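J.:
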Amino acid sequence: MTTPTQAPNPNPNPIQTHGFTAIPASSTKFTDPVTQKGVTPHPLHLTSTPIPTTPLAQRILSYAQSHLPTQTLQHSLRVYHYGLAMKQYLSSQGVGDESSPGWAGFSDETFFLACMLHDIGTTEENMRGTRLSFEFAGGVRALGVLLGDGGDAGVEGVASKEQAESVVEAIVRHQDLCEVGWITALGGVLQLGTIFDNTGKHAHLLHEDTIQEVIRQYPRTGWSACFAGVVKEEIRQKPWAHSTVLGEEFAERVLGNPYGDE
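Each number in the working numbering comes from the position in the sequence shown (counting from 1) with 15 added on.
1. Taking the CB atoms as reference points, tell me whether Gly-203 and Phe-45 lie closer together than 8 Å.
2. Going by beta carbon distance, what residues of the same chain come within less than 6 Å of Gly-153, once the five residues before and after it are set aside?
3. Whose C-beta lies closer than 7 Å to the C-beta of Trp-197 among residues of the same chain, with five residues either side of it excluded?
4. Report all residues from its chain with a CB closer than 6 Å to the CB of Pro-70; omit the five preceding and five following residues, and keep chain order.
5. What number of angstroms, rounded off, separates the C-alpha of Leu-61 from the C-alpha of Ser-107?
6. Could you have a look at Pro-84 and say whether DSSP puts it in helix, strand or coil?
7. Do you know how far the Cα of Gln-232 is from the Cα of Val-183?
8. Would you check if there are 3 or more beta carbon pairs closer than 8 Å linking the segment 70-90 to the segment 108-120?
9. Classify Thr-137 as helix, strand or coil using the three-state DSSP reduction.
10. Give me the Cα-Cα distance between Ala-72 and Leu-147, rounded to the nearest whole angstrom.
11. Label Asp-212 either buried or exposed according to how many other C-beta atoms from any shown protein chain fall within 10 Å of its C-beta, with 16 as the threshold for buried.
12. Pull up the DSSP beta-bridge partners for Pro-39, would you.
13. From the DSSP output, in three-state form, read off Ile-66 for me.
14. With the cut-off set at 8 Å, would you say Ile-66 and Phe-127 are in Cβ contact?
15. Along the chain, where does the alpha helix (DSSP H) that runs through Gln-232 open and close?
16. Keeping to the same chain, check which residues put their C-beta closer than 7 Å to that of Asp-276; ignore five residues upstream and five downstream.
17. Cα separation between Thr-214 and Asp-224?
18. How long is the line joining the alpha carbons of Glu-113 and Arg-143, rounded to whole angstroms?
19. Please give the ranges of any beta strand (DSSP E) in the segment 170-214, keeping only runs that are unbroken, at least 3 residues long and fully inside the region.
20. Going straight from the alpha carbon of Thr-43 to that of His-189, what length do you get?
21. State buried or exposed for Gly-303, treating a residue as buried only when at least 16 other CB atoms are found within 10 Å of its CB.
22. Would you say Thr-125 and Gln-178 are within 8 Å of each other, going by their C-beta atoms?
23. How far does the alpha helix (DSSP H) with Trp-238 in it extend, from its first residue to its last?
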């Protein structure tokens, strides 16, 4: 794992900094302008999307390292780098400038928190400990972790109420793949990153060199089979689970990811 470096964001507006700006919920509609242009993204190295070194980000990284299986942790780190690369590309092409001005202003730290915690509800302990769908259970768990439940986080290692709520909103909705309505910018970019890493969709938003560099740093080893198994197991345990809205074929789409399980 690379040595984390600081990823500052000086924007003082909590709506923008924490990613509450509303963007179209349809990823197709939101990204269509660049799809139509056909402009190829530039390669983006990992050094361009560094892991934040703030006390809060480092505390959540440590939490994720101690609570997530290695495959899920690697997935979460890939999503972080992919998501920021996609955001930079879309923003550079003027996407959302009219419908959602300022949407790309959310901080690397807030996005990192969302990425590290978005699948916390899929751990065996958390899956069996509640009847809630994993995204909702994960949101509840993440809220407590971010706000420092347990009292050992220290003042600088605790998220603000607005930041924590934005992360929770993104976690709860990261599998809410709909074609109507709106979603927070943080949640929308989290969706782009997770869906790409899980199925290969939205590959045109990333340069192939970027993809391969991320995979070399955070290998996919067994991820497709792992996540497909999680989805199937949740539906077996909880036939009412929100994962069912993705359709019976979703697990097969995960297994058919062209980037496989190198």
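Beta carbons are placed, not taken as given, at the ideal position from N, Cα and C, and that holds for glycine. In this text the structure is predicted, and so the values were computed from the model without any measurement.
T.: Per the coordinate set shown:
1. In the sequence shown, the residue the question calls residue 203 occupies position 188. In the sequence shown, the residue the question calls residue 45 occupies position 30. Yes; because the gap between Cβ atoms is below 8 Å, this pair is in contact.
2. The residue labelled residue 153 in the question sits at position 138 within the sequence shown. Excluding residues within five positions, the ones whose Cβ falls inside 6 Å are Ile-135, Gly-136 and Ile-186.
3. Indexing the sequence shown from 1 puts residue 197 at position 182. Ala-37, Ile-38, Pro-39 and Ala-40, listed in sequence order.
4. On the sequence shown, position 55 is the one that residue 70 refers to. If we look at Pro-70 and ignore the five residues flanking it on each side, its Cβ neighbours are Glu-171 and Gly-172.
5. Counted from its first residue, the sequence shown places residue 61 at position 46. Counted from its first residue, the sequence shown places residue 107 at position 92. The straight-line gap from Cα to Cα measures roughly 18 Å.
6. The count along the sequence shown starts at 1 and reaches residue 84 at position 69. Here Pro-84 sits in coil by DSSP.
7. Within the sequence shown, the letter at position 168 stands for residue 183. Within the sequence shown, the letter at position 217 stands for residue 232. About 27 Å.
8. no
9. Residue 137 sits at position 122 when you count from the first residue of the sequence shown. Of the three classes helix, strand and coil, the one that applies to Thr-137 here is helix, per DSSP.
10. On the sequence shown, position 57 is the one that residue 72 refers to. On the sequence shown, position 132 is the one that residue 147 refers to. Distance between the alpha carbons of Ala-72 and Leu-147: 27 Å.
11. Numbered from 1 along the sequence shown, position 197 holds the residue referred to as residue 212. Its Cβ being crowded by 16 or more others within 10 Å, Asp-212 is buried.
12. Residue mapping note: residue 39 aligns to position 24 of the sequence shown, counting from 1. Its beta-bridge partners are Trp-197.
13. As a position in the sequence shown, residue 66 is number 51, starting the count at 1. In the structure shown, Ile-66 sits in coil (DSSP, three-state: anything other than H, G, I, E or B).
14. Position 51 of the sequence shown, counted from the first residue, corresponds to residue 66. Position 112 of the sequence shown, counted from the first residue, corresponds to residue 127. Yes, Cβ-Cβ distance for Ile-66 and Phe-127 is below 8 Å.
15. Position 217 of the sequence shown holds residue 232. Here the alpha helix (DSSP H) through Gln-232 covers 223-232.
16. Walking along the sequence shown from the start, residue 276 turns up at place 261. These residues qualify, in order along the chain: Arg-235, Thr-236, Gly-237, Trp-238, Ser-239 and Ala-240.
17. Within the sequence shown, residue 214 is the residue found at index 199, counting from 1. Within the sequence shown, residue 224 is the residue found at index 209, counting from 1. Computed Cα separation, rounded: 18 Å.
18. Within the sequence shown, residue 113 is the residue found at index 98, counting from 1. Within the sequence shown, residue 143 is the residue found at index 128, counting from 1. Roughly 44 Å separates the two Cα atoms.
19. 197-199
20. Here residue 43 refers to the residue found at position 28 of the sequence shown. Here residue 189 refers to the residue found at position 174 of the sequence shown. For Thr-43 and His-189, the distance between alpha carbons rounds to 15 Å.
21. This structure leaves residue 303 out entirely; the chain is present only between 16 and 277.
22. Against the sequence shown, residue 125 aligns to sequence position 110. Against the sequence shown, residue 178 aligns to sequence position 163. Yes. Within cutoff.
23. For this step, residue 238 is matched to residue 223 along the sequence shown. Per DSSP, Trp-238 belongs to the alpha helix (DSSP H) from 238-252.
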